[in-house]
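Colleague: Shown below is the structure under consideration.
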Amino acid sequence: MNELVFFINNVVISGSVSGSIYAIGAVGVTLIFSIMRFAHFAHADMMTFGAFMVLLLTTAFPAAGASLGVPTAVLMLPLAMLLTAALAVGIDKIFYKPLRAHGVKPIVLVIGSLGVTLILQGLIRLFSGTGGQSLYVDDRKEIFRLALPFEGARAPVVVTEPQIYLFVITIVAVVALHLFLNRSRLGKAMRAMSDNPELAQASGINTNTIVAVTWMIAGALAAIAGTLLSLDVTFKPDLSFFLLLPIFAAAIVGGVGHPYGAIAGGFVVGFAETLAVFNWNVLLRPFSDSLPAWLELPSNLAFVGTEYKIVVPFFILVAILVWRPTGLFKGKVI
Amino acid sequence: MNNSEKTRNPAYTPQDATSVRRFPLRELLLFGVLLVAILAVYAIMGAAYSTRMLVEAACYAILALGLTIQWGYAGQFNAGVMGFVALGGFCAMFFSVPVNDAFWGTALPGEFGRVLLYGAAAIVVIVGASKLDRLGVPKPLRTLIAVVLSLVLYLVVISQLREVTDAIESQAGFVGGLGLPPWIGWIVGGALAGGVGYFIGHICLGLRSDYLAIATLGIAEIIKAFLKNSDWLTRGTATVSPLPWPTPGPAELGFTLSRAIYLSFTAVIIAVIFFLLNRAYNAPWGRMIRAIRDNEVSAAAMGKDINKRRLEIFVLGCILMGLGGGILGTFNSLFDPQGYLPLNHTFLVLVMVILGGPGNNLGTIFGAVAVYIIWIMSEPLALFLMQLAVAFGEGAFGWDAPGNMDSRALQARVLVIGLLITMVLRFAPKGLLPENIKSHS
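These protein sequence lines map, in sequence, to chains A and B.
Heads up: the first sequence begins at 85 in the numbering used here, then just goes up one per residue.
Heads up: the second sequence begins at 975 in the numbering used here, then just goes up one per residue.
Next up, the structure:
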């Protein structure tokens, strides 16, 4: 039974954690893709920016959360979402709008977004230094150990406090996004514009508003994803290049321009990563007595070492581009 | 690309076509300024340092030529130059470092060869299993068999490989080199980079151009992770040095002279590449490439095989990047996988190309040398400015500066490169020396 607990801790929980983070990130990327028609490479740095804002606010008011019984970082998240949304709109105004007005190819916008990536990275590193910092400034990270009601399960299932916040916030964000896209006027206009920009414009939808709203949603979601990631581990300013690949892989797996697909894709990539680095020998060990003698299991049966984790999203990306470039859910943009 | 008319890059509109051969005033002026800058660096920093800077700039010029083929000639954006450079550097190291007898003298090469044979056999078995449907096996069953078989065989081979590489690491340190002249390594490095480029291009070039950027960004990180963690092959973070030069080294001739010889060697290579590229650019092949870049639909209507031409261009660019990476690695005389950074080896090259003039080889070389000089000089400048700011802050407001000011000042260069990219795209999309578009009216 201990092996099963180990499996739950190392695959189910950590897979859902990275899956949720990738999912929220990929939704932002896919929304931008469906409205603006380019791959926004600065998204991972918007995530870092959101987490950095939370870090700044938490350092400024370390005791604010204690009165409400939540970690200060979680309390500061809405404020950081607002700031990141404002940043996203500002970036669009300064950098992308003039390029769009010139009528450049989408790939020029991609290069522009790489420039924005470097600008954000430089700014964040300039102010935060290059080391990692915990978002739990004054609070203590609670760790819950749930003992399983089975015989022989001595090791408990371990969940940390930020992981619980992560699951709750992910569900809230996904439901809110679903309601927004399906029920509100703006959300419907957004979907219309993603389907057919010319027709949407002809039927009186203000495209500038839609673009701004898209950036606000993407910025807010990026702030959530970055903060949750930094809560779970630590805040590091140089995460972006390692986040970009899984997030884009998730967006493409789900079908670009397809928010629900991006959520599914995020979990696919997250679980694939944890399953690939999981040492399968642990699960096979209980059966080692019943295995034939010639079959000697090596002690490390992981598919890839942890240091090669980044290979997994790339492999998924290549596989999906080869066999099903529209993604699992038939995205619109190829 | 249904709306290619609307999204066409204004940099390439035929309105600015020039039909008369004009006096190259702009080129002369820019290169004159560049010459003055180089002479100033020589006067301030000394000959050995400045020659070294010029050699590195020349290596970057080869990388930039590779990128200008991809971006300037064909409009493909490669965001993973670093990976191809690292591959070139690895090949230069692997071929030129002396033979390691602690590895070759033991049974380890045989063991390693056995694992490679297992790997080849596993691939044959899996390919065979994926063709089972021709023997009448139902397709879903065939897919299941192929997937399960490939997972199991992969695990078998990879665990065997881990055993052998661990043994190599503990008994011999690392595989060592082949003891051949470095230029063989450069050529193989170019070929290897071209092979990786073919793999990526084959998958991505038929799809949206964004996918190529994502995939190249990913493959660059993967190549770096592989080189960094394969201690048995590259010594990983322990780094390999010195790498022998094809020309007489500093120990025989002193720094300045040996570097000058290396520089002339590199200059000859650049001249050859430049000549061949210009021939290709003006040949029917070059016209076809530009036609595809400027209007894909009409080029396809003319019966051009767009995907094949794109693949050619992409692979050609990657080969040049691998070659340049090899020459750069040999010159540094040190193979350090951690020294390959996206900023130094991808974005710096990108700035060189878009600032110098995408599609214009002369402009690209100008951009490479100019940007590299600015880049090298910006390090002391950034530190100086930062210290000035700190001194001002302390004097005026009693501000207590953080201790790691030096590393933070270097981060400012990230910011400058990012600003440069966005500014150039917005205000000078054609670069300083724009592509010279001829019209035949």
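Idealized CB from N, CA, C, for every residue including glycine.
1) Over what stretch of residues does the beta strand (DSSP E) that includes A:ILE227 continue unbroken?
2) Candidates A:ALA110, A:ALA296, A:SER212 and A:LEU312: which alpha carbon is nearest A:VAL173's?
3) In chain order, which continuous runs of the alpha helix (DSSP H) of length 4 or greater are located wholly inside the segment 1096-1180 of chain B?
4) Going by other Cβ atoms of all chains shown within 10 Å of its Cβ, with 16 needed for buried, is A:VAL89 buried or exposed?
5) Taking CB distances under 9 Å as the criterion, tell me whether B:ILE1132 reaches chain A.
6) Distance cutoff 9 Å, beta carbons only. Does B:ASP1184 sit that close to anything in chain A?
7) Measure from the C-beta of B:VAL1323 to each C-beta in chain A and report whether the shortest distance is under 9 Å.
8) A:PRO83: buried (16+ other C-beta within 10 angstroms of its C-beta) or exposed?
9) Give me the subset of the segment 1032-1056 of chain B whose CB atoms are less than 9 Å from a CB atom of chain A, sorted by chain position.
10) I'd like to check one pair, A:MET160 with A:ALA169: are the Cβ atoms closer than 9 Å?
11) So, using beta-carbon positions, are B:LEU1355 and A:TRP364 closer together than 9 Å?
12) B:LEU1336 CB to nearest chain A CB: under 9 Å?
13) Any idea if B:TRP1045 is buried or exposed, counting beta-carbon neighbours within 10 angstroms, 16 or more meaning buried?
14) Is B:THR1139 close to chain A, meaning its C-beta is less than 9 Å from at least one C-beta of that chain?
15) Among B:VAL1345, B:GLY1175 and B:SER1070, which one has its Cα closest to the Cα of B:LEU1290?
16) Are A:MET120 and A:GLY303 close, meaning C-beta to C-beta below 9 Å?
17) On the three-state DSSP scale, how would you describe A:THR410?
18) What would DSSP say about B:PHE1309, mapped onto helix, strand or coil?
19) For A:THR79, I'd like the list of residues in its chain whose CB is within less than 7 Å of its CB, leaving aside the five on either flank, ordered along the chain.
20) State the Cα-Cα distance for the pair A:PHE355 and A:PHE91, rounded to the nearest angstrom.
21) Comparing the C-beta of B:LYS1105 with each C-beta of chain A, is any distance below 9 Å?
22) Of all the residues that make up the segment 192-221 of chain A, which are near chain B by a beta-carbon distance shorter than 8 Å?
23) Give the straight-line distance between the Cα atoms of B:TYR1314 and A:PHE326, rounded to the nearest whole angstrom.
24) Step through the CB atoms of chain B and report whether any lies within less than 9 Å of the CB of A:TRP299.
25) Short of 8 Å in beta carbon distance, which residues of its chain neighbour A:ILE301, apart from the five on each side in sequence? Order them along the chain.
26) Below 9 Å between beta carbons is the criterion; list the residues of the segment 299-332 of chain A that meet it against any residue of chain B, in chain order.
27) So, does the segment 1185-1203 of chain B touch the segment 1036-1054 of chain B, judging by three or more C-beta pairs under 8 Å?
28) To the nearest angstrom, report how far apart B:THR1320 and A:ASP322 are at their CA atoms.
29) Do B:PHE1340 and B:GLY1333 come within 9 Å of each other at the CB atom, strictly closer than that value?
30) Tell me which same chain residues have a C-beta within less than 8 Å of the C-beta of A:SER212, skipping the five on either side of it?
31) Does DSSP classify B:PHE1229 as helix, strand or coil?
32) The beta strand (DSSP E) spanning A:THR358 covers which residue range?
33) Using the C-alpha atoms, what's the distance from B:LYS1202 back to B:THR1213?
34) Flag this pair as yes or no: are the beta carbons of B:VAL1071 and B:LEU1217 separated by less than 9 Å?
35) Do you know how far the Cα of A:TYR106 is from the Cα of A:VAL353?
36) Under 9 Å between the Cβ atoms of B:LEU1154 and B:PHE1288?
Modeller: Looking at the atomic coordinates:
1) 227-230
2) A:ALA296
3) 1113-1146 and 1156-1178
4) buried
5) It does: the Cβ of B:ILE1132 has a partner Cβ on chain A nearer than 9 Å.
6) yes
7) no
8) With chain A running from 85 to 418 in the structure shown, residue 83 of chain A is simply not present.
9) The residues in question are TRP1045, GLY1049, GLN1050, PHE1051 and ALA1053.
10) Taking 9 Å as the Cβ cut-off, A:ALA169 and A:MET160 do not qualify as a contacting pair.
11) no
12) no
13) Burial of B:TRP1045 is indicated by the presence of at least 16 other C-beta atoms within 10 angstroms of its C-beta.
14) no
15) B:GLY1175
16) At a Cβ-Cβ threshold of 9 Å, A:MET120 and A:GLY303 do not count as neighbours.
17) coil
18) Looking at B:PHE1309 - three-state DSSP - the assignment turns out to be strand.
19) This structure cannot speak to residue 79 of chain A, because chain A is shown only from 85 to 418.
20) If I take the Cα positions, the gap works out to 12 Å.
21) no
22) VAL192, VAL194, ILE195, GLY196, LEU198, GLY199, VAL200, THR201, LEU202, ILE203, LEU204, GLN205, GLY206, LEU207, ARG209, LEU210, GLY213 and THR214
23) 15 Å
24) no
25) GLY112, LEU115, ALA169, LEU261 and PHE264
26) Legend: CB atoms of the segment 299-332 of chain A lying less than 9 Å from CB atoms of chain B belong to residues PRO321, PHE325, PHE326, LEU328, LEU329 and PHE332.
27) yes
28) 16 Å
29) no
30) PHE136, LEU139, PHE319 and PRO321
31) Assigned with DSSP and collapsed to three states, B:PHE1229 falls in helix.
32) Run containing A:THR358: none in the beta strand (DSSP E); it sits in the alpha helix (DSSP H), 343-361.
33) 9 Å
34) yes
35) 8 Å
36) Contact annotation: B:LEU1154 and B:PHE1288 have beta-carbon atoms that are not nearer than 9 Å.
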